[in-house]
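**Q** Protein chains in written order, with the working numbering: chain A, 761 to 1103; chain B, 11 to 507. Idealized CB from N, CA, C, for every residue including glycine. All values reported here derive from a predicted model rather than from experimental measurement.
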Amino acid sequence: MPSAPTPVTDTPGGAAAGGTGARRPVRRFDPLLYGPFIGLLLLLAVGTALNPDFATWDNWMNVLTRTAFIGIIAIGMCFVIISGGIDLSVGSMAALIAGATILMMNALSGLLLSSVAVVALGMLFAVALGGGFGLAHGYLITRGQIEPFIVTLGTLGIFRAVLTWLADGGAITLDMTLSDVYGPVYYGSLLGIPIPVWIFALAALAGGLLLNRTAFGRYVQAIGSNEQVARFAAVDVDRVKLLTYGLLGVCVGVATVLYVPRLGSASPTTGLLWELEAIAAVIVGGTSFKGGAGRIAGTVVGAILLSVISNILNLTSVISVYLNAAVQGCVIIAVAFLQRRRP
Amino acid sequence: MSLHVAFDGITKEFGAVRVLHGVSFDLQPGRVHGLLGENGAGKSTLMKILAGYHAPTTGTLSIGGEPVRLAGSRAAEERGIVLIHQELNLADDLTVTQNMFLGHELRRGWLLDERAMRERAAHALAQVGFDGDPDGKVGDLIVAEKQLVEIAKAQLRNARLLIMDEPTASLTPSECERLFGLIDRLRRDGVTVVYISHKLDEVERITDEVIVMRDGRFVARAPTAETSRQRMATLMVGRELTDMFPDRQPPQPSARPLLSVRDVTVPGWAENVSFDLQPGEILGFAGLVGAGRTELFEGLLGLRPRSGGGIEIDGRTVRLRNPREAMRNGLTYLSEDRKGKGLHVGMRLRDNLTLMTLPRHARPLLSSRSETDALDRAVADFGIRGDPQGVAASLSGGNQQKLAIAKFLQPDPRVFVLDEPTRGVDVGAKRDIYFLIARLAAQGRGVIVISSELIELIGLCHRVIVMRGRRAVATVPAERLSEEELIAHAIGTHTRH
Chain A
761 MPSAPTPVTD TPGGAAAGGT GARRPVRRFD PLLYGPFIGL LLLLAVGTAL NPDFATWDNW
821 MNVLTRTAFI GIIAIGMCFV IISGGIDLSV GSMAALIAGA TILMMNALSG LLLSSVAVVA
881 LGMLFAVALG GGFGLAHGYL ITRGQIEPFI VTLGTLGIFR AVLTWLADGG AITLDMTLSD
941 VYGPVYYGSL LGIPIPVWIF ALAALAGGLL LNRTAFGRYV QAIGSNEQVA RFAAVDVDRV
1001 KLLTYGLLGV CVGVATVLYV PRLGSASPTT GLLWELEAIA AVIVGGTSFK GGAGRIAGTV
1061 VGAILLSVIS NILNLTSVIS VYLNAAVQGC VIIAVAFLQR RRP
Chain B
11 MSLHVAFDGI TKEFGAVRVL HGVSFDLQPG RVHGLLGENG AGKSTLMKIL AGYHAPTTGT
71 LSIGGEPVRL AGSRAAEERG IVLIHQELNL ADDLTVTQNM FLGHELRRGW LLDERAMRER
131 AAHALAQVGF DGDPDGKVGD LIVAEKQLVE IAKAQLRNAR LLIMDEPTAS LTPSECERLF
191 GLIDRLRRDG VTVVYISHKL DEVERITDEV IVMRDGRFVA RAPTAETSRQ RMATLMVGRE
251 LTDMFPDRQP PQPSARPLLS VRDVTVPGWA ENVSFDLQPG EILGFAGLVG AGRTELFEGL
311 LGLRPRSGGG IEIDGRTVRL RNPREAMRNG LTYLSEDRKG KGLHVGMRLR DNLTLMTLPR
371 HARPLLSSRS ETDALDRAVA DFGIRGDPQG VAASLSGGNQ QKLAIAKFLQ PDPRVFVLDE
431 PTRGVDVGAK RDIYFLIARL AAQGRGVIVI SSELIELIGL CHRVIVMRGR RAVATVPAER
491 LSEEELIAHA IGTHTRH
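(1) Just checking my contact of R231 of chain B with E214 of chain B at CB under 8 Å: how many whole Å lie between their CB atoms?
(2) Kindly indicate which three-state DSSP category K156 of chain B falls into: helix, strand or coil?
(3) Terminal residues of the continuous alpha helix (DSSP H) containing V887 of chain A?
(4) Between the C-alpha atoms of G297 of chain B and T902 of chain A, what's the straight-line distance to the nearest angstrom?
(5) Residues in the region 843-864 of chain A with C-beta within 7 Å of chain B's C-beta atoms, listed in sequence order?
(6) For a quick check, are the C-beta atoms of L100 of chain B and V148 of chain B less than 8 Å apart?
(7) So G340 of chain B and G454 of chain B are supposed to be a Cβ contact under 8 Å. How far apart are they, rounded?
(8) Nearest CA to the CA of N409 of chain B: which residue from B:I465, B:T432 and B:E129?
(9) How many whole angstroms separate the CB atoms of H95 of chain B and D175 of chain B, which I take to be in contact at a CB cut-off of 8 Å?
(10) What residue range does the alpha helix (DSSP H) around L419 of chain B cover?
(11) Quick check: V887 of chain A and V1042 of chain A, are their CB atoms within less than 8 Å of each other?
(12) For L824 of chain A, which residues from the same chain have a beta carbon less than 6 Å from its beta carbon, with the 5 sequence-adjacent residues on both sides left out?
(13) Between A134 of chain B and L166 of chain B, which are expected to be in contact by the criterion C-beta below 8 Å, what is the C-beta distance as a whole number of angstroms?
(14) Alpha carbon to alpha carbon, how far is P374 of chain B from T1029 of chain A?
(15) For V435 of chain B, which residues of its own chain have a beta-carbon under 6 Å away from its beta-carbon, when the five flanking residues on both sides are left out?
(16) Does the beta carbon of K22 of chain B sit closer than 8 Å to a beta carbon anywhere in chain A?
(17) Between A:V922, A:A961, A:A805 and A:R991, which has its C-alpha nearest R314 of chain B's C-alpha?
(18) DSSP three-state label for R478 of chain B, please.
(19) Output, in sequence order along the chain, the residues in the region 982-1009 of chain A whose CB is closer than 8 Å to any CB in chain B.
(20) Three-state secondary structure (DSSP) at K209 of chain B?
(21) Tell me Y343 of chain B's beta-bridge partners as DSSP assigns them.
(22) Alpha carbons only, please: which of A:L801, A:I830, A:G1046 and A:S1025 is nearest the one belonging to V943 of chain A?
(23) Below 8 Å on the Cβ atoms is my guess for T234 of chain B versus E219 of chain B; work out the distance and round it to an integer in Å.
(24) What separation, rounded to the nearest whole angstrom, lies between the Cα atoms of L1 of chain B and R334 of chain B?
(25) Could you please tell me which residues of the region 15-46 of chain B, in chain order, have their CB closer than 7 Å to any CB of chain A?
(26) Note down, in chain order, every chain A residue with its Cβ under 8 Å from the Cβ of A101 of chain B.
(27) Going by beta-carbon coordinates alone, are L856 of chain A and V806 of chain A separated by less than 8 Å?
(28) Buried or exposed for N972 of chain A, please, with buried defined as at least 16 other CB atoms from any protein chain shown within 10 angstroms of its CB.
(29) Can you name the residues that DSSP bridges to I953 of chain A?
(30) Looking at chain B, is there any beta carbon in it that lies within less than 8 Å of the beta carbon of T771 of chain A?
(31) DSSP three-state call for E907 of chain A: helix, strand or coil?
(32) Among the candidates A:L895, A:M936, A:I1039 and A:Y899, whose CA atom is the shortest distance from the CA of S875 of chain A?
(33) What does L969 of chain A touch in chain B if you count any residue whose Cβ is under 9 Å from its own?
(34) Between A975 of chain A and chain B, is any beta-carbon pair separated by less than 8 Å?
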């Protein structure tokens, strides 16, 4: 694996205990590398002990299906964060894409198109719109030389406001006929595994390959590790950054494609706080918030871990489910605490 | 109170890399000591230990006969020891007065006593001959003025021992004169001075005694009056200079230059610079810090705005708008700032090496085998010693530099530009790098070496272009290369040509 998932130190010689010469560096157990996996296993054990309904196939598939939206977005977010960027707008973006897609599909269904064709067009439209939004972010960040935090803080407001305006403060609802055709994309399953879980798994696989086995992935890590060095090494920094935001936008589009048939509507509360959950999944997965090093597997586990927490709180009464966000917050801070030894 | 400082068996390790190997000597109160040594000799590290920035790994630092452990630079300052950094340590957005009292603000009750601070600052500034505004922003000052502010700040803290790290690196001759006068006065006041410089003529002129370090060790000391520049240079390098450098092979005869630069301007840094580079030629660029050498090449690479002029590689006019286009046209540039622009020190050796040529290893997914083979070849070809699985930071300076050179040679450039190729590199690796540069030239590549180490330009280059004040003012051929000649052109006192 070409990525360096181990924490990266910048101090001279601080990284390899063995250093130069014949001594091999001692590869010590790294809690950050395995932490998310161990954390998830512990949670699964706790959940199983607390409630017999927890350790059932149906419950797990349910958790994974719900994780799919955030998980797919988190995979794209992982690239952005590794490259040293951030995107705060993904929740609003998902809401606007959902709204716009539903409006478009409703409009098209009045024409002489089959419902299947309309839904297919709608899905394409959603993914393309996400990619377009992402590229717009990337363009403003690279060419416009604006901080990603600021750009996406701006679009966070813009996207949601436009959706609210389109929905006139209420909800945009998908036509019944289309809902019936579209429904299986969320509710259907293949070989006993729900469609969203398949898509999530495919996205994770593709993300892992892209990050670890392609030049693009290496450039993303190099830019996050030290943008200046990458620039001097003839890496087209602007293009790579642009593409990371485009990729994240596509991921948001895909997540929205899965989300729309779930409720068949978009409202001003659609996708609320998804950006925080996606960022949290990436961080809990052991990716450095400073950029440079990170991994997809960790991100996937991070996303699952966060939804398992809320699932356990739902199924048990040890801690009120109202404290879900508080428990997740503690986990995030604990992970950040473990990461702090990075200089 | 005079300050007697003694180092006894000082060692210092950064991770696995040992940069000081048991250094012992003492500093006589009230004298000006020239501390000599090549890049990487450990001078700066030792002085940072004295000034409290680093703690020694082993060994004892004694002040006034009493062993001390300095908890930080503040503890050193309380004992009267102040280090003036090479890259001056002032906050550009604060005023001169605010900078001078930073961390030592005078208070009246809960509020700052602005008036008292301004008065005392003005007094100290007048003593060092600073005639600017104590309320002006430091960012608006020129380097020489900032240096005076640093010295005045040290005076304010009652410095008894002042360490100056290459203070004249970016000063004009008249500014240097003013600084030397000031050092003379400090000596008369009983202040001990440690003067780190590469410029042997300055050292000869203003120091009472020279101390030479090499590869993290103390080598020799002698009263300045009893030694010669030749002797100092030999002690610094540790072997006869003739042995350090390969024999000069003549450049290959060629109908047209490999690289031709015509009237290139990098606004603010270089004006109308023109030069040619022949295949097999090693072309040096000399000049003071700030003469525009690095910026000229960053401009040629498209990393800075460039106006006018033309660039031809192998007779073809090329547009170089970014390092990528430069690489595709056969030109790569290894920056002087190895950690900031040359290597990803936190990434592994292999990932560093192949970063510029990843598509070559992608089929279409990256092949770990192919990349590892490339690293194995580079380790053998360039003599990189260290753990191949480790990160670049785990290598010593010399091996990091070899890795960086290997990295920028991966695209197989026809023209290779090295900026300060031996900065922070030990003597052995230095020699390796010189022989490597000669080998690259012998392969028919054009090599450009930007360097502040005149010895290396003189030993290595076929021609040296000297830059002064944004212009290429002279081209000195190998047979006329000497320190005097280069310095005279660099500071503008050359008269003959």
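**A** To lay it out plainly:
(1) Incorrect: roughly 15 Å between the Cβ atoms, too far for contact.
(2) Three-state result, K156 of chain B: helix.
(3) It spans S875 to T902 - the alpha helix (DSSP H) in which V887 of chain A sits, taken as one unbroken run.
(4) Rounded to whole angstroms, G297 of chain B to T902 of chain A spans 35 Å at the Cα level.
(5) Against chain B - using a Cβ distance shorter than 7 Å - the region 843-864 of chain A contributes no residues.
(6) Contact flag set, yes.
(7) The C-beta distance from G340 of chain B to G454 of chain B rounds to 12 Å, too long to meet the 8 Å contact threshold.
(8) For the residues B:I465, B:T432 and B:E129, the minimum Cα distance to N409 of chain B belongs to B:T432.
(9) Contact holds; Cβ gap of about 6 Å.
(10) First-last of the alpha helix (DSSP H) with L419 of chain B: G407 to L419.
(11) No.
(12) Hits under 6 Å: V957.
(13) Indeed, because the Cβ distance is near 5 Å, the residues count as touching under 8 Å.
(14) Those two C-alpha atoms are separated by around 42 Å.
(15) Beyond the five residues adjoining it in sequence on each side, V435 of chain B comes within less than 6 Å, by CB distance, of G50, G407, G408 and Q411 in the same chain, given in chain order.
(16) No, its Cβ sits nowhere closer than 8 Å to a Cβ of chain A.
(17) Answer by Cα proximity: A:R991.
(18) Three-state DSSP puts R478 of chain B in a strand.
(19) Cβ contacts with chain B: A982, S985, N986, Q988, V989, A990, R991, F992, A993, A994, V995 and D996.
(20) Residue state, collapsed to three classes: coil.
(21) DSSP, once it has assigned bridges, lists B:V427 as partnering Y343 of chain B.
(22) Sequence inspection shows Gly at residue 943 of chain A; the Val mentioned does not correspond to that position. Distance from the Cα of G943 of chain A is smallest, within the candidate group A:L801, A:I830, A:G1046 and A:S1025, for A:S1025.
(23) Between E219 of chain B and T234 of chain B the Cβ distance is about 6 Å, and since that is below 8 Å, they are a contact.
(24) This structure cannot settle anything about residue 1 of chain B, because the visible part of chain B is limited to 11 through 507.
(25) Contacts with chain A (Cβ-Cβ distance below 7 Å) from the region 15-46 of chain B involve F24, G25, A26 and V27, listed in chain order.
(26) Contacts between A101 of chain B and chain A, judged by CB atoms closer than 8 Å, are missing: the closest CB pair is about 22 Å apart.
(27) No; because the gap between Cβ atoms is not below 8 Å, this pair is not in contact.
(28) Under this definition N972 of chain A is a buried residue.
(29) Partner(s): A:L950.
(30) With a pLDDT of 36 at T771 of chain A, under the threshold of 50, the predicted position of this residue should be treated as unreliable, though the coordinate-derived value follows. Yes - at least one Cβ of chain B is within 8 Å of the one on T771 of chain A.
(31) Reduced to three states, the DSSP call for E907 of chain A is coil.
(32) The closest CA to that of S875 of chain A, considering only A:L895, A:M936, A:I1039 and A:Y899, is found on A:M936.
(33) The CB of L969 of chain A comes closer than 9 Å to the CB of L375 in chain B, given here in chain order.
(34) Closer than 8 Å to some Cβ of chain B, the Cβ of A975 of chain A qualifies, so yes.
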